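Working notes, beginning with the structure itself.
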Amino acid sequence: MKYKSQKVAYWFFALSMVLLILQIVYGFIMAFAHAGYDGLHEIIPFNTATATHKNLLVVWLLSGFMGAAYYIIPEESQRELVSVPLAKLQFWALAIVGVVAVAGFHVGWWEGRKFLEIPRFLDYLVVVDILLFLGIIFVTIFKGKEKTTTEMVLAMGLFFAALLYLPGMIWFDNQSVDSFFRWWVVHLWVEGVWELIMGGILAFLLIKLTGVDRELIEKWLYVIVGLTFLSGILGTGHHYYYIGVPEYWLMIGGIFSALEPLAFLGMALFAFAMYRKGEKNHPNKTALYWTLGAAIMSFAGAGLLGIAHTIPSVNMWTHGTLITAMHGHMAFWGAYAMMVFAIISYAMPLMTGRKLYNTAGSSYAFWLSNIGMIGMTTAFATAGVAQVYLERKVGMSFMEAQMAIEVHFWVLIASATLFTIGIIYYVINFFQHGMPTDEALVENID
Ligand code: HEM
Ligand code: HEM
Ligand SMILES: [Fe+2]
Numbered sequence: 119m120k121y122k123s124q125k126v127a128y129w130f131f132a133l134s135m136v137l138l139i140l141q142i143v144y145g146f147i148m149a150f151a152h153a154g155y156d157g158l159h160e161i162i163p164f165n166t167a168t169a170t171h172k173n174l175l176v177v178w179l180l181s182g183f184m185g186a187a188y189y190i191i192p193e194e195s196q197r198e199l200v201s202v203p204l205a206k207l208q209f210w211a212l213a214i215v216g217v218v219a220v221a222g223f224h225v226g227w228w229e230g231r232k233f234l235e236i237p238r239f240l241d242y243l244v245v246v247d248i249l250l251f252l253g254i255i256f257v258t259i260f261k262g263k264e265k266t267t268t269e270m271v272l273a274m275g276l277f278f279a280a281l282l283y284l285p286g287m288i289w290f291d292n293q294s295v296d297s298f299f300r301w302w303v304v305h306l307w308v309e310g311v312w313e314l315i316m317g318g319i320l321a322f323l324l325i326k327l328t329g330v331d332r333e334l335i336e337k338w339l340y341v342i343v344g345l346t347f348l349s350g351i352l353g354t355g356h357h358y359y360y361i362g363v364p365e366y367w368l369m370i371g372g373i374f375s376a377l378e379p380l381a382f383l384g385m386a387l388f389a390f391a392m393y394r395k396g397e398k399n400h401p402n403k404t405a406l407y408w409t410l411g412a413a414i415m416s417f418a419g420a421g422l423l424g425i426a427h428t429i430p431s432v433n434m435w436t437h438g439t440l441i442t443a444m445h446g447h448m449a450f451w452g453a454y455a456m457m458v459f460a461i462i463s464y465a466m467p468l469m470t471g472r473k474l475y476n477t478a479g480s481s482y483a484f485w486l487s488n489i490g491m492i493g494m495t496t497a498f499a500t501a502g503v504a505q506v507y508l509e510r511k512v513g514m515s516f517m518e519a520q521m522a523i524e525v526h527f528w529v530l531i532a533s534a535t536l537f538t539i540g541i542i543y544y545v546i547n548f549f550q551h552g553m554p555t556d557e558a559l560v561e562n563i564d
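In case it helps, our numbering puts the sequence shown at residues 119 to 564.
Here is the structure:
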């Protein structure tokens, strides 16, 4: 038996799709600017484009996580959400704040703190929206018949993500102190509590898609939570190397952040072990591909490409260059974007009754976007290595070096085009499902 209130997840997933397309548009604006064609400079200068690109990313991922929670929590708790009208209100508040924030970037209403550009006034609205969201989720859990480990890990991830938004809202006059606390949000999100969200969604999908016992899957989940906190909290030190804090951070950051890939390796091994053990008879292979794909690509993008520049003697040269963009793209894609795609691919056929998985379009979506993303990562990597060499070894000025590496951005544009074709296939497949219905939800089991 399914729960009718799960349908509200659809709105969050649809918002994710729309904002993702918009994010990609801004990615192309920047890629062309890097290649020497900054034609939109007067209307959308690079700083506006980059803030918009990154904030749209964060908003569509959060929207995807919220949709995932509204889908997963009723099923795990075995009851309806406590209030669908409030969940819809929360949805509209999120969408409106997101759109106002992004529009504001275009008229200079922003704070120049990477990833936290949203003005403080809007931050307060974000807080109200998130409190409403958490209220709905936690009251549902407490009134539910079951309190499973999977849902608790997901819910705790969401709760701590909200809590860690607050250090970014405090006002500091000192640049180093501001930077110190900015990382409590940015780093402790992606290398801490968002990993719990990822782990929770991953466990839910593996339980459904492989048929392996919940007890076994949830035991693994504890191991992953343990590894995440053990390495990720002090791993924050890899952002403190050269920002004006005491020198011991070099050692702490180097050692603990070098351990961080273990959590991602754990997730990849976990996903494949469960797949091999499972019965393999779930029909939705598309959802399985995205689930296993996320486990591999997150290890590659976050784990391997993270460790590639996390040691102080390397980071001294690569800090803040296109090497960071190389890692940022594949890490966000593998861990969070693909995990959102996995839960959407799993939930949409069940909510709408349309079994649009295992189609040619859904395969193109998976392969083109992933091959495109590998190409994009490679283009950023080659551009980044050249930038480090020219700017920091040879001593060219920033702009001279940027002009010398323009050619790499044509490779970026070509790969990003492949990537985008894949995404378009995905988004078309999403909207072809149509709207969710009560009949479909109640009839479809698993
Ligand atoms: C899914 C997980 C991850 C995501 C989404 C992610 C994403 C990012 C992003 C977007 C940045 C740029 C931040 C900024 O400049 O404001 C960054 C920086 C960095 N990340 Fe990650 N990351 C992840 C995991 C990791 C892991 C596991 C490691 C280490 C093993 C790592 C090492 C680094 C380092 C050293 C930097 C600083 C780069 C610099 O100095 O410019 N990351 N990451
Ligand atoms: C067609 C697709 C895309 C293109 C052409 C593109 C291009 C770019 C460019 C040119 C930058 C600026 C690099 C710089 O600092 O100079 C950038 C930044 C960034 N993009 Fe994308 N992007 C695309 C899609 C995505 C996707 C799907 C994600 C996440 C899953 C993403 C995540 C990021 C992040 C995290 C940054 C900041 C990197 C950093 O901290 O250095 N982008 N993108
Ligand atoms: Fe970090």
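Positions of the beta carbon are idealized from the N, C-alpha and C atoms, including for glycine. Computed from a prediction, not measured in an experiment: that's the story for all the values here.
Element boundaries [alpha helix (DSSP H), containing Ala227]: In the sequence shown, counting from the first residue as 1, residue 227 sits at position 109. The displayed chain sequence assigns Trp, not Ala, to residue 227. Run containing Trp227: none; DSSP gives neither H nor E here.
Coil, strand or helix - Leu284 by DSSP: Here residue 284 refers to the residue found at position 166 when the sequence shown is read from its first residue. Looking at Leu284 - three-state DSSP - the assignment turns out to be helix.
Closest Cα partner of Gly438 within the set Glu333, Phe130 and Gln505: Taking the first residue of the sequence shown as position 1, residue 438 is located at position 320. Among Glu333, Phe130 and Gln505, the Cα nearest to that of Gly438 belongs to Gln505.
C-beta contact flag for Ser375 and Thr436 at 7 Å: For the purposes of this step, residue 375 is taken as the residue at position 257 of the sequence shown. For the purposes of this step, residue 436 is taken as the residue at position 318 of the sequence shown. No, the Cβ-Cβ distance between Ser375 and Thr436 is not below 7 Å.
Selected residue, minimal CA-CA separation from Phe299, among Ile255, Gly355 and Gly262: Here residue 299 is taken as the residue at index 181 of the sequence shown, counted from 1. Minimum Cα distance to Phe299 is reached at Gly355.
Cα-Cα separation, Leu204 to Tyr359: Taking the sequence shown and counting its residues from 1, the one referred to as residue 204 is at position 86. Taking the sequence shown and counting its residues from 1, the one referred to as residue 359 is at position 241. Computed Cα separation, rounded: 44 Å.
Tyr189 versus Trp227 - alpha carbon distance: On the sequence shown, residue 189 is found 71 positions in, with the first residue counted as 1. On the sequence shown, residue 227 is found 109 positions in, with the first residue counted as 1. When rounded, the distance between both Cα atoms is 35 Å.
Buried versus exposed call for Met119 [16 or more other C-beta atoms within 10 Å across all chains shown]: Residue 119 sits at position 1 when you count from the first residue of the sequence shown. Per-residue confidence for Met119 stands at a pLDDT of 45, beneath the threshold of 50, marking its modelled position as unreliable; no derived number is given.
Per-residue DSSP class, three states only, for Arg394: Along the sequence shown, read from residue 1 onward, the residue named residue 394 stands at position 276. Here Arg394 sits in helix by DSSP.
Assumed close pair Met494, His447 - CB separation to whole angstroms, cut-off 8 Å: Taking the first residue of the sequence shown as position 1, residue 494 is located at position 376. Taking the first residue of the sequence shown as position 1, residue 447 is located at position 329. So it is a contact: roughly 6 Å between Cβ atoms.
Neighbourhood of Ser123 by C-beta distance below 8 Å, restricted to the same chain and skipping five residues each side: Taking the sequence shown and counting its residues from 1, one reaches residue 123 at position 5. Closer than 8 Å at the Cβ level, and outside the excluded window around Ser123, lie Tyr188, Pro192, Glu198, Leu199, Val202 and Ala205.
Through-space distance from Met135 to Ala522, alpha-carbon basis: Numbered from 1 along the sequence shown, position 404 holds the residue referred to as residue 522. Numbered from 1 along the sequence shown, position 17 holds the residue referred to as residue 135. Computed Cα separation, rounded: 36 Å.
Minimum C-alpha distance to Thr538 - residue among Phe164, Glu313 and Gly490: Here residue 538 is taken as the residue at index 420 of the sequence shown, counted from 1. If we check each option's Cα against that of Thr538, Gly490 comes out closest.
Own chain residues within Cβ distance below 7 Å of Ile370, not counting five before or after: Along the sequence shown, one-based indexing puts residue 370 at 252. Leu352 and Gly355.
Distance CB(Phe417)-CB(Phe382) smaller than 7 Å: Residue mapping note: residue 417 aligns to position 299 of the sequence shown, counting from 1. Residue mapping note: residue 382 aligns to position 264 of the sequence shown, counting from 1. Going by C-beta atoms, Phe417 is nearer than 7 Å to Phe382.
Local conformation of Gln208 per DSSP, three classes: Walking along the sequence shown from the start, residue 208 turns up at place 90. It is helical.
Selected residue, minimal CA-CA separation from Phe277, among Gly286, Lys265 and Phe251: Here residue 277 corresponds to residue number 159 of the sequence shown, with the count starting at 1. For the residues Gly286, Lys265 and Phe251, the minimum Cα distance to Phe277 belongs to Phe251.
Sequence-ordered residues whose beta carbon comes within less than 6 Å of a heavy atom of ligand 3: His305, Glu309, His356 and His357
Proximity to His224 [Cα-Cα], best of Phe164, Phe388, Val257 and Leu468: Along the sequence shown, read from residue 1 onward, the residue named residue 224 stands at position 106. Ranking the options by Cα distance to His224, first place goes to Phe164.
Ser593: CB within 6 Å of a non-hydrogen atom of ligand 1: Not covered by the structure: residue 593. The range shown for the chain is 119 to 564.
Where Tyr407 falls: helix, strand or coil (DSSP): The residue labelled residue 407 in the question sits at position 289 within the sequence shown. The answer is helix: DSSP assigns Tyr407 an H, G or I state.
Closer than 6 Å: Thr538 CB and nearest ligand 2 heavy atom: Against the sequence shown, residue 538 aligns to sequence position 420. Yes, Cβ of Thr538 sits closer than 6 Å to a heavy atom of ligand 2.
Burial state of Ala169 (16 or more Cβ within 10 Å): As a position in the sequence shown, residue 169 is number 51, starting the count at 1. The residue is buried, with at least 16 neighbouring Cβ atoms inside 10 Å.
Reference Thr166; option with closest CA among Phe484, Ile248 and Tyr144: On the sequence shown, residue 166 is found 48 positions in, with the first residue counted as 1. Comparing Cα positions, the closest option is Tyr144.
Under 7 Å between C-beta atoms of Ala149 and Leu530: Against the sequence shown, residue 149 aligns to sequence position 31. Against the sequence shown, residue 530 aligns to sequence position 412. The answer is yes: Cβ separation under 7 Å.
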